[in-house]
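Undergrad: Let me begin by handing over the structure; questions about it come next.
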Ligand SMILES: Nc1nc2c(c(=O)[nH]1)N[C@H]1C(S)=C(S)[C@@H](COP(=O)(O)O)O[C@H]1N2
Ligand SMILES: [Mo]
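Listed below in structure tokens is the structure:
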């Protein structure tokens, strides 16, 4: 059997990455509990799979306003992930809808276009899939396949404009440097509608929280599609293609789709079928970061509830808390507005009364009027779990 380190190196495309791979069980972990693991230059994260590397951010690391680069979740579909030499890296811009195909170095990208920064949540479509009942296949993510960061780069629009966009362009396709181990596995390519590609907030980013992108989060440059789920945020970009026909790659037609009409969100017209449509925007959602469910608190005491709320870019209007079985709701205090694609911190002071179990429910509302549902809309891929969040306290 290969050792874990061998697997890690294989996952890194055979490139020696330095640093050690280690894995430990969380202290006092019960059988079946979350296993922690470490990728080079990352801190201990919750390991969901080794190969490809899928690592989730622990709840404690989702407390700060910005998720730190070394704690940010890592999601890959393919296991050959080369470490890219920034000096020889090239980004190719072409496709049937590009009139003047071009090739950019990292230097060109950084110096020839206007630099832009924005704060946005990167959330995997399958975040919380592991909480689905009945269980659905796929990486069994808990709450941490997401994070909030400041992304810095250039507008995709500016780069495409230089390549000359044909009037017939319908989609833009992105490829990254990672490849499958077996030739039968489809390479990871994604497309977005031309309108989304030309949106001024769609970026080719080379920095995260003011530092160069970490290897595992897409160095040297990745796509950032604020408000859309992480699947479109292609890492280790190598090629951008302006296309005049809908892209029919597996990761568009065979994955990351939801039943037609089941969820709100921006349409993706050129990829719709009568039965399914690509997942697009992040739905309004919240996460309670403290207290933890099961916490023991004294009757007649005060407990600070805290967490984050976010959506696909309308922005957060309110977060409401119920301590009486969802009959009455009171507003939480919102923290600093970091931008409409960022998450928003919230706080609420709970006054505990009689001993017993106290269920605290939290729901966010967006400026677009959307709110979190009580019940999960089941879908076979386990996406869009944005139901009302709860913690249960033991008041004694
Ligand atoms: N090249 C490449 N880019 C990719 C992926 C991938 O497998 N390969 N996965 C996507 C998915 S599904 C998600 S959720 C995000 C996760 O971003 P992160 O790993 O930086 O957290 O990357 C996206 N970009
Ligand atoms: Mo994802």
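Numbering (the working numbering), first residue to last: 876 to 1271. Idealized CB from N, CA, C, for every residue including glycine.
#1: Identify whether residue 929 lies in helix, strand or coil by the three-state DSSP scheme.
#2: Taking the straight line between their C-alpha atoms, what separation do you get for residue 960 and residue 1241?
#3: For residue 1245 and residue 1159, which I take to be in contact (beta-carbon distance under 8 angstroms), what is that distance rounded to the nearest angstrom?
#4: Short of 7 angstroms in beta carbon distance, which residues of its chain neighbour residue 885, apart from the five on each side in sequence? Order them along the chain.
#5: Which class does residue 894 belong to by DSSP, given the choice of helix, strand or coil?
#6: Beta-carbon separation of residue 1046 and residue 1145 under 8 angstroms?
#7: Throw me the rounded Cβ distance for the residue 1099 and residue 1026 pair, which I believe falls under 8 angstroms.
#8: Run the proximity test for residue 1143: is its beta-carbon closer than 7 angstroms to any non-hydrogen atom belonging to ligand 1?
#9: Can you name the start and end residues of the alpha helix (DSSP H) that residue 1069 belongs to?
#10: Any heavy atom of ligand 1 closer than 7 angstroms to the Cβ of residue 951?
#11: When the Cα atoms are used, what is the spatial distance from residue 1235 to residue 1013?
#12: Whole-angstrom Cβ separation of residue 1127 and residue 1153, contact assumed at under 8 angstroms?
#13: Answer with buried or exposed for residue 903, where buried requires no fewer than 16 other C-beta atoms within 10 angstroms of its C-beta.
#14: If contact is defined by three or more beta carbon pairs under 8 angstroms, each pair taking one atom from either stretch, is the segment 1080–1100 in contact with the segment 975–993?
#15: Determine which residues share a DSSP beta bridge with residue 967 and list them.
#16: Check whether the Cβ atoms of residue 1083 and residue 1024 sit closer than 8 angstroms, and answer yes or no.
#17: Any heavy atom of ligand 2 closer than 7 angstroms to the beta-carbon of residue 942?
#18: Buried or exposed, going by whether 16 or more other CB atoms sit within 10 Å of the CB of residue 1000?
#19: Tell me, please, whether the segment 941–949 touches the segment 1110–1119 by the rule of three or more beta-carbon pairs shorter than 8 angstroms.
#20: Jot down the residue ranges of each uninterrupted alpha helix (DSSP H) in the segment 1043–1088, minimum 4 residues, whole runs only, in chain order.
#21: Identify which residue in 1266, 1125, 1143 has its Cα closest to the Cα of residue 1067.
#22: Distance check for residue 1260 and residue 1207, CA to CA, integer angstroms please.
#23: Please classify residue 1053: is it buried, with 16 or more other beta-carbons within 10 angstroms of its beta-carbon, or exposed?
#24: Just list the beta strand (DSSP E) runs in the segment 1114–1144, keeping only unbroken ones of 3 residues or longer that don't cross its boundaries, in chain order.
#25: By alpha-carbon positions, which one of 1185, 1005, 1199, 1174 ends up nearest to residue 1228?
#26: Residues in its own chain within less than 8 angstroms of residue 1289 by CB, not counting five upstream and five downstream?
#27: Heavy atom of ligand 1 less than 7 angstroms from the Cβ of residue 947, yes or no?
#28: With distances taken from CA atoms, which of 988, 1178, 1004 is nearest residue 1269?
TA: Judging by the given coordinates:
#1: Locating residue 929 in the chain shown gives position 54, counting from the first residue. Residue 929: strand per DSSP, three-state reduction.
#2: By 1-based counting over the chain shown, the position of residue 960 is 85. By 1-based counting over the chain shown, the position of residue 1241 is 366. Residue 960 and residue 1241: Cα-Cα distance of roughly 42 angstroms.
#3: Your numbering for residue 1245 matches position 370 in the chain shown. Your numbering for residue 1159 matches position 284 in the chain shown. The Cβ separation is near 5 angstroms, so the contact holds.
#4: As a working note, residue 885 is residue 10 in the chain shown. At residue 885 the pLDDT is 34, less than 50, meaning the model places this residue with poor confidence and gives no usable figure here.
#5: By one-based count along the chain shown, residue 894 stands at place 19. Confidence in residue 894 is poor, its pLDDT being 32 and thus under 50, which makes the residue's placement unreliable; the coordinate value appears in the next sentence. DSSP places residue 894 in coil when its eight states are reduced to three.
#6: Taking the chain shown and counting its residues from 1, the one referred to as residue 1046 is at position 171. Taking the chain shown and counting its residues from 1, the one referred to as residue 1145 is at position 270. Contact: yes.
#7: Here residue 1099 corresponds to residue number 224 of the chain shown, with the count starting at 1. Here residue 1026 corresponds to residue number 151 of the chain shown, with the count starting at 1. Yes, residue 1099 and residue 1026 are in contact; Cβ-Cβ is about 5 angstroms, under 8 angstroms.
#8: Counted from its first residue, the chain shown places residue 1143 at position 268. Every heavy atom of ligand 1 is 7 angstroms or more from the Cβ of residue 1143, so no.
#9: Reading the chain shown from its first residue, position 194 is the one you call residue 1069. Per DSSP, residue 1069 belongs to the alpha helix (DSSP H) from 1069–1073.
#10: Residue 951 sits at position 76 when you count from the first residue of the chain shown. Checking the Cβ of residue 951 against ligand 1 gives yes.
#11: For the purposes of this step, residue 1235 is taken as residue 360 along the chain shown, with counting starting at 1. For the purposes of this step, residue 1013 is taken as residue 138 along the chain shown, with counting starting at 1. Roughly 30 angstroms between the two C-alpha positions.
#12: Translated into the one-based positions of the chain shown, residue 1127 becomes position 252. Translated into the one-based positions of the chain shown, residue 1153 becomes position 278. The pair is a contact, with the Cβ atoms about 7 angstroms apart (cut-off 8 angstroms).
#13: Here residue 903 refers to the residue found at position 28 of the chain shown. Residue confidence for residue 903 is low, a pLDDT of 36 falling below 50, so the modelled location carries little weight; the figure read from the coordinates is stated next. Classification of residue 903: exposed, given that the 10 Å Cβ count is below 16.
#14: yes
#15: Reading the chain shown from its first residue, position 92 is the one you call residue 967. DSSP, once it has assigned bridges, lists 978, 1114 as partnering residue 967.
#16: Here residue 1083 refers to the residue found at position 208 of the chain shown. Here residue 1024 refers to the residue found at position 149 of the chain shown. Yes.
#17: The count along the chain shown starts at 1 and reaches residue 942 at position 67. Outside the cutoff, so no.
#18: Locating residue 1000 in the chain shown gives position 125, where the first residue counts as 1. Looking at its Cβ environment, which holds 16 or more other Cβ atoms inside 10 Å, residue 1000 is buried.
#19: no
#20: 1069–1073
#21: As a first step, residue 1067 must be located in the chain shown, where it is residue number 192. Out of 1266, 1125, 1143, 1143 has the C-alpha closest to the C-alpha of residue 1067.
#22: Stepping through the chain shown from its first residue, residue 1207 is reached at position 332. Stepping through the chain shown from its first residue, residue 1260 is reached at position 385. Roughly 22 angstroms separates the two Cα atoms.
#23: Within the chain shown, the letter at position 178 stands for residue 1053. Counting Cβ neighbours within 10 Å, residue 1053 comes out buried, since at least 16 surround it.
#24: 1132–1134
#25: Translated into positions along the chain shown, residue 1228 becomes position 353. Among 1185, 1005, 1199, 1174, the Cα nearest to that of residue 1228 is on 1174.
#26: The displayed coordinates of the chain run from 876 to 1271. Any statement about residue 1289 would go beyond what the structure contains.
#27: Taking the first residue of the chain shown as position 1, residue 947 is located at position 72. Correct: residue 947 has its Cβ closer than 7 angstroms to ligand 1.
#28: By one-based count along the chain shown, residue 1269 stands at place 394. With distances taken between Cα atoms, residue 1269 lies closest to 1178.
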